[in-house]
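Participant: Heads up: the sequence shown runs through residues 12 to 198, numbered per this note's numbering. Think of the CB as a built atom: it goes at the ideal place given N, C-alpha and C, for glycine as much as any other residue. Below: one structure in structure tokens.
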Amino acid sequence: MSRIEELANRYRSHIAAPWQHNLAGEQRMIFVVYPPVDERKLRARLELFEMATIESGHKWKSFDFTQTFARWMSNLEYKEIYFEEPDSLTIPLEGEFPHFAAAELRKVLTAEDVDSNTVIAVYGIASLYGFTKVSQVLKEVARDVRGRLVVFFPGEFENNNYRLLGARDGWNYLAIPITLHNGVSDR
Numbered sequence: 012m013s014r015i016e017e018l019a020n021r022y023r024s025h026i027a028a029p030w031q032h033n034l035a036g037e038q039r040m041i042f043v044v045y046p047p048v049d050e051r052k053l054r055a056r057l058e059l060f061e062m063a064t065i066e067s068g069h070k071w072k073s074f075d076f077t078q079t080f081a082r083w084m085s086n087l088e089y090k091e092i093y094f095e096e097p098d099s100l101t102i103p104l105e106g107e108f109p110h111f112a113a114a115e116l117r118k119v120l121t122a123e124d125v126d127s128n129t130v131i132a133v134y135g136i137a138s139l140y141g142f143t144k145v146s147q148v149l150k151e152v153a154r155d156v157r158g159r160l161v162v163f164f165p166g167e168f169e170n171n172n173y174r175l176l177g178a179r180d181g182w183n184y185l186a187i188p189i190t191l192h193n194g195v196s197d198r
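Written out as structure tokens, the structure is:
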């Protein structure tokens with residue numbers, strides 16, 4: 012069985028269990044943690060997670076962050092200047108881009124067809140690396156999670172810390188981790 016299939020089986024076990032509905036947004040998040048080298052394999056097999064969700068009686072919607080930076084950049088008034096002087100992009104990246112990325116995800120989280128029985132699957136978060144912190148984006152949308160937010164996380168989970176692409180200092184988060192090492196965390 013491949014690593015992605017194993018993660019899908021562990022996800023299936025978790026998502027099929029009865030859901031608590033009195034949780035904070037941060038506690039409604041599930042991180043499916045996998046090695047970054049498996050990104051393409053995961054994308055090719057996302058249907059395994061979708062089928063597990065639907066078979067468990069829940070709805071599924073997905074959101075891909077891959078093009079988010081390009082959409083944001085294409086709307087900037089001074090984008091040509093930023094291409095000529097990339098260092099001048101630092102301030103808008105720190106101040107504006109995280110809000111834009113969160114707003115894009117929020118559109119899916121708050122859509123009319125999303126309810127407390129819906130799983131929103133988020134992938135492509137590696138494309139945020141170097142532009143903003145995933146933790147900052149998720150913090151902004153935590154209150155908008157109605158059902159469950161499943162974040163496909165190419166990185167590591169160790170000692171209650173998540174590390175995107177294994178490159179940044181990790182952060183402690185209340186999300187439920189699903190990993191190859193121990194399945195669903197005992198938290």
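Ignore the nearest five residues each way along the sequence and tell me which others in Glu-17's own chain have a CB closer than 7 Å to its CB.
Facilitator: Position 6 of the sequence shown, counted from the first residue, corresponds to residue 17. Leu-191.
Participant: Using the three-state DSSP reduction, which class does Glu-167 fall into: helix, strand or coil?
Facilitator: By 1-based counting over the sequence shown, the position of residue 167 is 156. The answer is strand: DSSP assigns Glu-167 an E or B state.
Participant: Mapping the DSSP letters down to three states, classify Thr-64 as helix, strand or coil.
Facilitator: Taking the sequence shown and counting its residues from 1, one reaches residue 64 at position 53. Reduced to three states, the DSSP call for Thr-64 is helix.
Participant: Apart from the five residues on each side of it in sequence, which residues of its chain come closer than 6 Å, Cβ to Cβ, to Phe-60?
Facilitator: The residue you call residue 60 lines up with position 49 of the sequence shown. Cβ within range, chain order: Ala-19, Tyr-22.
Participant: Do Leu-116 and Val-130 have their beta-carbon atoms positioned less than 8 Å apart in this structure?
Facilitator: Counting from one through the sequence shown, the residue named residue 130 turns up at place 119. Counting from one through the sequence shown, the residue named residue 116 turns up at place 105. Going by C-beta atoms, Val-130 is not nearer than 8 Å to Leu-116.
Participant: Measuring CB atoms only, is the segment 148-161 touching the segment 31-40, in the sense that at least three cross pairs come out at less than 8 Å?
Facilitator: They touch, by the three-pair rule.
Participant: How about Pro-188 and Tyr-45: do their beta carbons lie closer than 8 Å?
Facilitator: Here the question's residue 188 lines up with position 177 in the sequence shown. Here the question's residue 45 lines up with position 34 in the sequence shown. The answer is no: Cβ separation not under 8 Å.
Participant: Once DSSP output is grouped into helix, strand and coil, what is the label at Tyr-22?
Facilitator: In the sequence shown, counting from the first residue as 1, residue 22 sits at position 11. Residue state, collapsed to three classes: helix.
Participant: Does the beta-carbon distance from Val-161 to Val-48 come in below 8 Å?
Facilitator: Residue numbering aside, residue 161 sits at position 150 when the sequence shown is read from its first letter. Residue numbering aside, residue 48 sits at position 37 when the sequence shown is read from its first letter. Against a cut-off of 8 Å, the Cβ pair of Val-48 and Val-161 comes out as no contact.
Participant: Taking its Cβ as the centre, do 16 or more other Cβ atoms sit within 10 Å of Thr-64, making it buried, or is it exposed?
Facilitator: Here the question's residue 64 lines up with position 53 in the sequence shown. Buried, by the Cβ-count rule.
Participant: On the DSSP bridge list, what partners appear for Ile-41?
Facilitator: Position 30 of the sequence shown, counted from the start, is the residue given in the question as residue 41. Ile-41 pairs with Val-161, Ile-187.
Participant: Per DSSP, what kind of secondary structure is Trp-83 in: helix, strand or coil?
Facilitator: Position 72 of the sequence shown, counted from the first residue, corresponds to residue 83. Three-state result, Trp-83: helix.
Participant: Assuming the contact rule is C-beta atoms closer than 8 Å, Ser-127 and Gly-158 should be a hit. Round their C-beta distance to whole Å, please.
Facilitator: Mapped onto the sequence shown, residue 127 falls at position 116. Mapped onto the sequence shown, residue 158 falls at position 147. With 8 Å as the limit, Ser-127 and Gly-158 qualify as a contact, their Cβ atoms being about 5 Å apart.
Participant: Which of the three DSSP states is assigned to Ala-27 in this structure?
Facilitator: One-based indexing of the sequence shown puts residue 27 at position 16. Residue state, collapsed to three classes: helix.
Participant: State the Cα-Cα distance for the pair Asn-171 and Gln-31, rounded to the nearest angstrom.
Facilitator: Position 160 of the sequence shown, counted from the start, is the residue given in the question as residue 171. Position 20 of the sequence shown, counted from the start, is the residue given in the question as residue 31. If I take the Cα positions, the gap works out to 21 Å.
Participant: To the nearest angstrom, how far is it from the Cα of Lys-52 to the Cα of Ile-15?
Facilitator: Numbered from 1 along the sequence shown, position 41 holds the residue referred to as residue 52. Numbered from 1 along the sequence shown, position 4 holds the residue referred to as residue 15. Cα-Cα distance, rounded: 7 Å.
Participant: Look up Asp-75 in the DSSP assignment and give the residues it is bridged to.
Facilitator: Reading the sequence shown from its first residue, position 64 is the one you call residue 75. According to DSSP, which records beta bridges pairwise, Asp-75 is partnered with Tyr-134.
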